Each structure stands twice: as C-alpha cells, then as structure tokens.
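Report on the structure given below.
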Amino acid sequence: MALRLAIGHFLGEVEGEYHVRLGHETIVLANDAEFAAWVEGVELEPDYAKRYRLRPLQAVLGFSEGRYAIGTAAGATIHVDEFTRDLWWWAGPSADLESLFATVAAARAVDVAQVAESFLRHAPDLLAAGAAFLDRSAYSLGSR
Amino acid sequence: MTALVFPIGQFGGASAVRLGWKVWRLNRSRLVAWTAAHGLADQIGRVRWDREAAGSAIAAAGEDPSTLDSLIQDGLVARVEDPVEFASAHRMGPLLHGVGERPDGAYALGLVDRPVIAVGGMLFTLWAWSDVEPDLWSACQSLARDLGADPLAVLHDALEGLHGVLATRAAYLDVAGWR
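The listed protein sequences correspond, in order, to chains P and V. Residue numbers for the first sequence, in our numbering: -14 to 129. Residue numbers for the second sequence, in our numbering: 114 to 292.
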C-alpha cells in the first residue's frame, strides 16, 4: 500500500474550522471529519520528491546516546538518529525533496535512493510528532 | 532608539548552527551568545532586545558580551541598523503549528492542544505565510498590501514582536536568497 502523508502547515482552529496553509492557499476544514481526512493524508505520487518540500518544525533540544531530541519548551516530542536529523535540518534551505535528498546523500556519502528510502520510513513519525510538515514545492506552488 | 539584535540560523544540536547552506560549529562562548540573541521568554514585551540586553544575558551566563561582535561579523547575529536592508536579507521560518484564535483575539502557536506562545494578528499572518515569501521585507510588503497599510509600519511592528517567536522557538531567521 502506498504511503499517505498530510500536506500543509496547520494554522489552527478559528471559529470551529481548521485552517491549513498549502503553498499560497488556505484550505479550510469545516469539521472534525475533514480534519481527520487531512491528517490521514494523500497518497504520494511517483514524482512526490519534485512536488513537495519538507519544512522542519520545533528545535533540537539535546543529543545523547546517538540520538537527537527534537521538541518544544514543554519537552521532546521525538528522538531521531543523525541521518533523520540531517533530513530535518537540511530541509530548511531545500527547495524540494529532490534537492534535500541530493544534499543529504552528498553530505553522508550515500545513494540518493537510500536517503529517499529513509525519508519514507521516518516522515510519518516526524509529521505525527509535529516536528515537520510537507508543503508544495515551487514546482507545484500556486501564485498568491 | 538602540538597534535590535537577532540570531540568524537554525540550531542542529551538538553546537552546530546552519546558516543557509553553511554549518558553523560554535564553541561554548559563541553558542551562549547566539542563544542569548534570541531573547528571554520571560522578558518578552518588557525588555527591548538590543546589544545591551543580549550582552547582559551573555554576562549572566558567565561569558564575554563582546563575543556578540564576532557573531555579527560572521552573519550569525544581525544588528539592525537599517530595517529594510535587514528584512531584505533575511527570511523567517515557522517552527510550530498554529493552535487557534483565543477569546482575546490573539493567536496561539504550538502543537495541537499544547500552546507555546500567543501573538497578535499581524505577527501571526507574517509567521503563517513566511515560508512562501522570499524574505521578511517581501512578507511585510505583501501583508501591507492586504491590509492597506504602510509596509514600513508593518516591518517596524514585526521587528518589535519578533523576539517573542524567536525566544520561544516558534520561528527562526535564516539568510534569504539561497533558493
């Protein structure tokens, strides 16, 4: 079964509706059912690495026993290995997943395919912890 | 009025800060100074975070306040002499989700059901759309167009409120123009 991931930055609840920023658009989710469907996500297309970019959320709080704690002032929400930390960290300046994978592959001297595989394995946990979100890349970004 | 100071870059753990595509490894003194430039969460809205305020926080942590100067030289801290020049050269990235509008009209940022900070409507809008703007000045101009406001006034208010979201790690600043 293909991986499903939520796309967009959750902006919060306003008067009973949930707002999500997706590229230059705001998506309004009118009720809990629509919110749940958004969280469940969309099936990633074969060209997903060109269509989306990863945006890091929260902050690195510490490092111990080979794992980075990522979280907020209230505490850690997820602990990740250095490979996943690199995906999270280099997502900031990367225009899309394709360039993120290439950057991490070069930094760690591994194949791009290995980075992509790691992303697909760890992205659900990063998104579930609120430690990252996926957004449209410039390739699929609408104009404001 | 004294110039505000802002930290630039995203912390990656193990004393490393990513600034655009470059990673800087900071010794303890420089890491303390860079962290102090964020402001202190318990002083948000009460203390104007200029070089003197940041210097006091650095000294309180047992380090030399003049360390800030080397960070300014390296671009890891910005001292805002010209607001438009600063805002054109830097961008903001959100680091939290939104939680929602509060009864007092402020907007909570955090994780679902776990608010970290509340900000006013203008700063919330800048924060929410910052990821699709090339730089902070463009973001202020876009918002000013939507509000029918003076972009310089929007920028002024943004800079005065920015330490609130930086000190609570609700956002970070990075160099613009690396895309």
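All C-beta atoms, glycine included, are put in the ideal place defined by N, C-alpha and C. On a predicted model such as this, the values are computed, not experimentally measured, just so you know.
Three or more Cβ pairs closer than 8 Å define a contact, and the segment 248 to 255 of chain V falls short of that threshold against the segment 116 to 133 of chain V.
Sorting P:Thr88, P:Asp17, P:Phe104 and P:Gly115 by C-alpha distance to the C-alpha of V:Leu222 places P:Gly115 at the top.
For V:Gly261, the closest Cβ of chain P is not nearer than 9 Å.
By the Cβ test, the segment 159 to 179 of chain V is not in contact with the segment 237 to 252 of chain V, since fewer than three Cβ pairs between them sit closer than 8 Å. One Cα belongs to V:Asp244, the other to V:Val232, and the distance between them is close to 18 Å. No Cβ-Cβ contact shorter than 9 Å links V:Ala280 with V:Ile185.
Apart from the 5 residues on each side of it in sequence, V:Ala149 sits with its Cβ closer than 6 Å to the Cβ of Ala167, Ala170 and Ile171 in its chain, given in chain order. Using a Cβ-Cβ cut-off of 8 Å, V:His210 is close to His(-6), Phe(-5), Leu(-4), Gly(-3), Leu42, Gly115 and Phe118 of chain P, given in chain order. When CB distances to chain P are screened at a threshold of 8 Å, the residues of the segment 124 to 139 of chain V falling below it are Phe124, Gly125, Gly126, Ala127, Arg131, Gly133 and Trp134, in chain order.
Assignment of P:Ser79 by DSSP, reduced to helix, strand and coil, places it in the coil class. Residue contact with chain V for P:Arg36: absent (no Cβ-Cβ distance below 9 Å to any residue of chain V). P:Tyr33 has its alpha-carbon roughly 12 Å from the corresponding atom of P:Ala(-13). Note on geometry: alpha-carbon atoms of P:Asp66 and P:Val95 lie some 16 Å from one another. Counting along the chain, P:Tyr3 sits inside the beta strand (DSSP E) bounded by residues Glu2 to Leu7.
In this structure, the beta-carbon distance from V:Val190 to V:Pro120 falls below 9 Å. Short of 6 Å from the beta carbon of V:Leu144, and not among the five residues preceding or following it, lie these beta carbons of its own chain, in chain order: Ser128. Taking the CA atoms as reference points, P:Gly8 sits about 19 Å from P:Glu(-2). Between V:Ala271 and V:Ala219, the C-beta spacing is not below 9 Å. Contact between V:Val193 and V:Leu268 is absent: CB atoms are separated by about 10 Å, not below the 8 Å threshold.
Residue range His203 to Pro207 is occupied by the beta strand (DSSP E) that includes V:Met205. Residue range Gly60 to Val65 is occupied by the beta strand (DSSP E) that includes P:Gly60. Setting aside the 5 residues that flank it on each side, P:Leu46 is surrounded in the same chain by Ala54, Gly56 and Ala61, each with a C-beta closer than 6 Å to its C-beta; the list follows chain order. For the options V:Trp147, V:Gly133 and V:Asp155, the alpha carbon positioned closest to that of V:Ser179 is the one of V:Trp147. With a 10 Å radius around the Cβ and a threshold of 16 neighbouring Cβ atoms, V:Asp259 comes out exposed. Residue pairing from DSSP places V:Pro120 in a beta bridge opposite V:Val190.
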